Amino acid sequence: MTRARLRLAERRPLPGRTPGKLQRAGVEERRMGVHEVNQTITRMVDSAVTTHSASGEVREQLLVLASRSFASASKLSDDGEAVAGLERAVTTCVRLGVDLDTTLSIVIGAIELVVDAAPATSPLTAGSGQILRTVRVATGIVARVYGQAGHPTHDSVEAAQEVAAALLRGDSSKVLGQCNQIAVAAAYAIIAVHLPARRGRPHDAPRSLAEPIVARLYSELRRRFGPSALALLGAAGATVLVPDTAFGEFTALTGFVEALRTAEGNIPTGVMMCAPTADVPTVAEQVHAALDVVTRLGMTERLHRFSDIAVEYQLTRPGPGRDALSTLLDPLEDYPDLIETLRTYVETGLDRRRTARRLHLHPNSVDYRLKRIFRLTGFDTTDPTGLWNLRSALVIRDHHTEYTAMRA
18 MTRARLRLAE RRPLPGRTPG KLQRAGVEER RMGVHEVNQT ITRMVDSAVT
68 THSASGEVRE QLLVLASRSF ASASKLSDDG EAVAGLERAV TTCVRLGVDL
118 DTTLSIVIGA IELVVDAAPA TSPLTAGSGQ ILRTVRVATG IVARVYGQAG
168 HPTHDSVEAA QEVAAALLRG DSSKVLGQCN QIAVAAAYAI IAVHLPARRG
218 RPHDAPRSLA EPIVARLYSE LRRRFGPSAL ALLGAAGATV LVPDTAFGEF
268 TALTGFVEAL RTAEGNIPTG VMMCAPTADV PTVAEQVHAA LDVVTRLGMT
318 ERLHRFSDIA VEYQLTRPGP GRDALSTLLD PLEDYPDLIE TLRTYVETGL
368 DRRRTARRLH LHPNSVDYRL KRIFRLTGFD TTDPTGLWNL RSALVIRDHH
418 TEYTAMRA
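Residue numbers (the working numbering): 18 to 425.
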């Protein structure tokens with residue numbers, strides 16, 4: 018049984034209550050058995066999790082929310098501790114990116130379950146007045162917490178996506194922005210963000226605000242950069258537009274991307290570049306192409322400035338330069354250990370000892386392999402020009418290898 022399952026199922030007193038008081042509260046006299054209550058709550062939560070492809074952490078928190086709503090339903094009108102407990106549960110849902118509709122559905126569903134399970138003598142079954150008051154208080158708590166967190170609504174997201182889509186098409190969007198009460202900036206930081214794949218969903222299925230990571234993206238975007246920050250969803254991620262006046266340092270943008278960390282601890286990968294509004298369509302294409310490059314090269318789980326990965330981006334563009342460089346490692350095709358040594362040597366900042374540790378070799382063995390690379394290719398890893406050529410060829414090779422694997 019998970020830690021989020023109802024304390025009622027354990028037949029132990031709730032905090033601060035004696036067994037006698039718990040029994041007088043009607044727990045043991047309910048029309049539904051404790052096991053049936055637990056099963057109903059679990060089905061309700063699992064239905065929400067399945068619908069929205071939520072993570073295990075979100076499922077646990079929704080069970081906590083349902084448990085809290087069920088246990089405190091009869092006390093919300095006059096018990097400050099019950100109100101505070103529900104507020105804490107809802108606040109955690111906001112932090113995890115659970116959308117407003119799902120949270121309301123769980124809270125109201127738990128209250129309905131209390132009515133179904135309560136004994137005939139309970140005030141909740143005596144008439145509709147008490148039920149309506151309980152629902153009103155509970156939904157008010159949810160609305161207040163979500164409102165204070167600046168959680169996005171469907172209308173606000175649709176408005177932001179409409180303006181973002183117009184900017185990415187190159188349309189004159191000032192009038193459109195004014196109609197949606199969204200100011201169009203003179204320049205933007207354009208960020209291509211790759212969002213983690215969703216379990217059990219087609220990779221090309223549209224993303225929606227019902228997904229926790231999508232809700233968190235819009236919530237963090239609005240909270241950190243204001244209502245003029247925009248995002249347009251795609252199947253694999255999003256294009257984010259942050260007005261250049263809304264952030265000071267690059268670290269503000271990296272903080273935004275890191276806030277989208279998944280329950281498994283993974284940080285989305287992104288590439289950003291600043292540009293005037295008129296150049297947004299062109300730059301958006303470039304940062305998404307660069308995002309594809311860094312993803313294939315394994316440079317993931319961080320936000321890159323485009324200028325920091327411009328060499329890798331340019332090396333993967335079609336042309337005679339790429340074609341010539343791509344052949345430099347051909348002599349090593351029959352020696353995968355040498356290619357792996359070269360890759361590790363570059364990744365460790367040309368540190369032979371770190372390379373040796375990662376490959377479980379003696380440093381002298383690393384030296385021997387680097388000399389073999391020199392003999393086979395004609396490029397010396399101790400010479401800046403030779404190293405640049407080898408590294409460039411490695412980037413092209415890795416990008417092509419990953420591209421071929423993805424198409425297979």
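For every residue, glycine included, the Cβ atom is placed at its ideal position computed from N, Cα and C.
Remember, predicted model here, so these are calculated numbers, not experimental data.
Does any heavy atom of the ligand FAD sit closer than 7 Å to the C-beta of His-52? Ligands in the displayed structure: none, and consequently the ligand FAD is not present.
With a CB to CB cut of under 8 Å and the five nearest residues on each side skipped, what residues in its chain are close to Arg-41? Interpretation of Arg-41 is limited by its pLDDT of 34, a score under 50 that renders its predicted location unreliable; the figure taken from the coordinates is listed afterwards. Here the set comprises nothing.
Between the Cα of Ile-58 and those of Ala-90, Gly-126 and Gly-265, spot the shortest distance and give me the residue it belongs to. Gly-126
Do Ile-6 and Leu-342 have their C-beta atoms closer together than 8 Å? Residue 6 lies beyond the range of the chain shown here (18 to 425); nothing can be said about it.
In angstroms, rounded to a whole number, what distance separates the CA positions of Val-115 and Asp-325? 34 Å
What whole-angstrom Cβ distance do Pro-224 and Leu-250 have, given they're in contact under 8 Å? The sequence shown places Arg at residue 224, not Pro. With 8 Å as the limit, Arg-224 and Leu-250 qualify as a contact, their Cβ atoms being about 4 Å apart.
Continuous beta strand (DSSP E) assignments of at least 3 residues falling wholly in the stretch 236-264: 247-250 and 254-260
Judging by CA-CA distance, which residue of Ile-208, Tyr-235, Leu-149 and Ala-65 is the nearest neighbour of Ala-176? Tyr-235
Which full runs of the alpha helix (DSSP H) of 4+ residues lie inside the stretch 256-335, going along the chain? 267-275, 297-313 and 327-332
Could you check where the beta strand (DSSP E) with Val-210 kicks off and where it finishes? 204-211
Continuous alpha helix (DSSP H) stretch holding Glu-228: start and end: Neither: Glu-228 is in no alpha helix (DSSP H) and is coded neither H nor E.
So what's Gln-165 in DSSP terms, helix, strand or just coil? helix
Buried/exposed call for Ala-101, threshold 16 Cβ in 10 Å: exposed
Beta-carbon spacing of Arg-313, Ala-269 below 8 Å: no
Nearest-angstrom Cα distance between Gly-254 and Glu-179? 17 Å
If we ignore side chains and look at the alpha-carbon of each, how far apart do Thr-372 and Ala-99 end up? 57 Å
Thr-108 lies in the alpha helix (DSSP H); which residues open and close that run? 97-112
Considering only residues of the same chain and omitting the five flanking positions on each side of Leu-411, which have a CB-CB separation below 8 Å? Leu-346, Ile-356, Leu-359, Arg-360 and Val-363
Just how far apart, CA to CA, sit Gly-243 and Gln-56? 42 Å
Cutoff 7 Å; reference Thr-109; Cβ partners in own chain excluding five residues on either side: Gln-78
Cut-off 7 Å between Cβ atoms - residues of its own chain near Gly-403, not counting five sequence neighbours on either side: Phe-396 and Asp-397
At the level of alpha carbons, what is the spacing between Arg-150 and Asp-95? 11 Å
Taking buried to mean at least 16 other C-beta atoms within 10 Å of its own C-beta, is Gly-287 buried or exposed? buried
Between the Cα of Gln-165 and the Cα atoms of Pro-213, Glu-104, Ala-155 and Ile-208, which residue gives the shortest distance? Glu-104
Let's see if you can read the secondary structure: which residues bound the alpha helix (DSSP H) around Gly-126? 117-134
What's the call for Arg-408, buried or exposed, on a 16-neighbour Cβ count within 10 Å? buried
Whose CA, out of Ala-252, Thr-344 and Asp-261, lies closest to the CA of Ser-245? Asp-261
Would you kindly work out how many angstroms separate the C-alpha atoms of Ile-273 and Gly-97, rounded to a whole number? Inspection of the sequence shows that residue 273 is occupied by Phe rather than by Ile. Approximately 34 Å between the Cα atoms of the pair.
In whole angstroms, what is the alpha-carbon distance linking Gln-331 and Leu-387? 26 Å
With a floor of 4 residues, list each alpha helix (DSSP H) that falls wholly inside the stretch 376-422, ordered by position along the chain. 380-394
Could you please give the first and the last residue of the uninterrupted alpha helix (DSSP H) stretch that includes Thr-358? 353-364
Check for me: the alpha helix (DSSP H) holding Pro-348 runs from which residue to which? That residue, Pro-348, is in no alpha helix (DSSP H); it is neither H nor E in DSSP.
Assuming Val-210 and Pro-285 make a contact with CB atoms under 8 Å, what is their CB distance in whole Å? 5 Å
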